[in-house]
């Protein structure tokens, strides 16, 4: 009431309090009537009309309005985080797209804008937080997504202010693909400019590494200055500033402890522990440790290795600890190896260097009931899945960085058709550095590379999807019984946590090591192509047909599926109350809020 008293006259305050929120988004439509003139009118009492007039005439404190009055606020819309928050945007865009009803939008403006006004008008009058968290992700989809998931958990479940820091391009990218856009309202996004970089089309490379993304990776180096300027501004707003950064952003955050003596810096590892072990093992010459782990030789491109070299001097400096999106249930031995061989060498004078293993983050968000809006229309491919038998559908996706040549796509199609197995195949081009740049044609769609008549012949049996999909919803669907994957860590971990066995087809980077984890260690999958060494050869339709049938139509596949389902239960328990990952996450939060 104090907030309302400050913002409104008594009659307007009482009016705001008296209006009940609609029971559903659709209920607001009942108030509108189309007149003979062709215009729509709102049949409401005069006092409500007065309140509406205040809104459209600029007398409500939207963020744009506050900014015109020299109040320092983030201009992004509190409802959708996709555009500046003006009253026009809220009434015409937010309401029109069904994010909230019109009365819900107007009423929710009151506490949201009051909060923005009171906390941002001046640093001297604002309440100082005990802790704030700055997330600094690497500019690649899987890395962006993992730190966004952690941001959701920290902000929504532990009520700690979170600032998510990236380029304006990549903030737009991660928000547009988020399965939980409603939660973005609790995160402070900071959009920083980067210099113009080339965004070429994906092409085939000898080592399958996505060289076309290197220009955007190199552009991330330029975030050092704006990050430092933001840290200078934010360091006075909290007793402790916690910086959580992707390992590949070590260069960008190197000045943290010097700019903000009240800061602590933690490294977030977006890759599996087994892949870290592979690189550490080769570096220190302990090749005898777990020989089933493939060598990382040839998995990275020299230009990316040069980018990593720029990070190395700052990877070990002034770190307070390490976070892994992994779980001791599946990678306990590898995490112990890392603790012994690597982390102990980061700060020789710090015997308390800590590792927190807090994954799988996708099931952490489920445990905390952090999910999307179930009232939204279901995607057509999920409707199709609803009509299939349990465990009967193979999901096929090769992630956001994999480029497949036309000949390989044809072999996959023929192999799937000959197998007779139901499938959903996500067939998209690999992401460009700028996913919104369509100058060189329609991005993300591959319509002319399938065998002639393929989609007609498999109609009813399978489905080809050419847009971004909700992978978690597909993997979590009871009809999904297998996943043919490139074995990026996000995909592997999501599949394991949801109890879905894999057909492992690694391409580059950490993927061969992840494939070995799946097939050789936890044994919840089968290999498709070469897991190590030469991964450049064409995989024939006969090989694909055979391995699909082994997983989906055999006793061997049933046994693998049982192991996968058991592992999924164990991983989900790990993030539930009393589970090992949940306790480590709670321990980390207790540590930074001590």
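Numbering (my numbering), first residue to last: 1074 to 1667. Don't be surprised by glycine CBs; every beta carbon is placed ideally from N, CA and C.
Only counting the same chain, and skipping five residues up and downstream in sequence, which positions put a Cβ closer than 8 Å to that of residue i?
{"i": "residue 1481", "result": "1611 and 1612"}
{"i": "residue 1638", "result": "1572"}
Can you give the beta carbon distance from residue i to residue j, rounded, assuming they're within the 8 Å contact cut?
{"i": "residue 1217", "j": "residue 1236", "result": "Residue 1217 to residue 1236, Cβ: 15 Å. No contact."}
{"i": "residue 1469", "j": "residue 1396", "result": "Actually they are not in contact, since the Cβ atoms of residue 1469 and residue 1396 sit about 31 Å apart, beyond 8 Å."}
{"i": "residue 1591", "j": "residue 1560", "result": "7 Å"}
{"i": "residue 1487", "j": "residue 1466", "result": "At roughly 19 Å, the Cβ-Cβ gap does not stay under 8 Å, so residue 1487 and residue 1466 are not in contact."}
{"i": "residue 1634", "j": "residue 1464", "result": "7 Å"}
{"i": "residue 1527", "j": "residue 1490", "result": "7 Å"}
{"i": "residue 1259", "j": "residue 1229", "result": "6 Å"}
According to DSSP, is residue i part of a helix, a strand, or is it coil?
{"i": "residue 1105", "result": "Only weak support is given to the placement of residue 1105: the predicted model assigns it a pLDDT of 46, under 50, and the question is left unresolved by the model."}
{"i": "residue 1656", "result": "helix"}
{"i": "residue 1313", "result": "strand"}
{"i": "residue 1318", "result": "strand"}
{"i": "residue 1306", "result": "helix"}
{"i": "residue 1577", "result": "strand"}
{"i": "residue 1536", "result": "strand"}
{"i": "residue 1495", "result": "strand"}
{"i": "residue 1429", "result": "strand"}
{"i": "residue 1240", "result": "strand"}
{"i": "residue 1651", "result": "coil"}
{"i": "residue 1448", "result": "Residue confidence is low: residue 1448 scores 40 on pLDDT, short of 50, so the model does not pin down where it sits. No coordinate-derived value is stated."}
{"i": "residue 1263", "result": "strand"}
{"i": "residue 1412", "result": "helix"}
{"i": "residue 1485", "result": "helix"}
{"i": "residue 1373", "result": "coil"}
{"i": "residue 1567", "result": "helix"}
{"i": "residue 1282", "result": "coil"}
{"i": "residue 1471", "result": "coil"}
{"i": "residue 1613", "result": "coil"}
Could you say which of the options lies nearest to residue i if we only look at CA atoms?
{"i": "residue 1389", "options": "1363, 1373 and 1321", "result": "1321"}
{"i": "residue 1620", "options": "1557, 1571, 1639 and 1568", "result": "1557"}
{"i": "residue 1430", "options": "1136, 1150, 1652 and 1135", "result": "1652"}
{"i": "residue 1472", "options": "1214, 1078, 1371 and 1204", "result": "1214"}
{"i": "residue 1363", "options": "1352, 1546, 1372 and 1371", "result": "1352"}
{"i": "residue 1313", "options": "1204, 1648, 1492 and 1454", "result": "1204"}
{"i": "residue 1357", "options": "1330, 1617, 1414 and 1371", "result": "1414"}
{"i": "residue 1456", "options": "1432, 1380 and 1546", "result": "1546"}
Please confirm whether residue i and residue j have their CB atoms less than 7 Å apart.
{"i": "residue 1246", "j": "residue 1434", "result": "no"}
{"i": "residue 1304", "j": "residue 1287", "result": "no"}
{"i": "residue 1738", "j": "residue 1548", "result": "Any answer about residue 1738 is impossible in this case: the structure gives the chain only from 1074 up to 1667."}
{"i": "residue 1210", "j": "residue 1319", "result": "yes"}
{"i": "residue 1315", "j": "residue 1227", "result": "no"}
{"i": "residue 1365", "j": "residue 1589", "result": "yes"}
{"i": "residue 1624", "j": "residue 1535", "result": "no"}
{"i": "residue 1461", "j": "residue 1552", "result": "yes"}
{"i": "residue 1281", "j": "residue 1581", "result": "yes"}
{"i": "residue 1387", "j": "residue 1336", "result": "no"}
{"i": "residue 1562", "j": "residue 1345", "result": "yes"}
{"i": "residue 1338", "j": "residue 1427", "result": "no"}
What residues in its chain sit with their C-beta under 6 Å from that of residue i, if we drop five residues either side in the sequence?
{"i": "residue 1350", "result": "1407 and 1410"}
{"i": "residue 1605", "result": "Because residue 1605 carries a pLDDT of 42, less than 50, the predicted location of this residue cannot be relied on, and the following value inherits that uncertainty. These residues qualify, in order along the chain: 1367 and 1585."}
{"i": "residue 1169", "result": "Interpretation of residue 1169 is limited by its pLDDT of 48, a score under 50 that renders its predicted location unreliable; no figure is taken from the coordinates."}
{"i": "residue 1598", "result": "1574, 1575, 1577, 1591 and 1592"}
{"i": "residue 1499", "result": "1470, 1538 and 1542"}
{"i": "residue 1267", "result": "1240, 1292 and 1295"}
{"i": "residue 1231", "result": "1662"}
{"i": "residue 1643", "result": "1402"}
{"i": "residue 1334", "result": "none"}
CB-CB under 7 Å to residue i, same chain, minus the five flanking residues each way: which ones, in chain order?
{"i": "residue 1348", "result": "1583, 1586 and 1587"}
{"i": "residue 1650", "result": "none"}
{"i": "residue 1485", "result": "1617"}
Within 7 Å of any Cβ in chain B, is that where the Cβ of residue i sits?
{"i": "residue 1634", "result": "In summary, chain B is missing from the structure at hand, where a single protein chain is found."}
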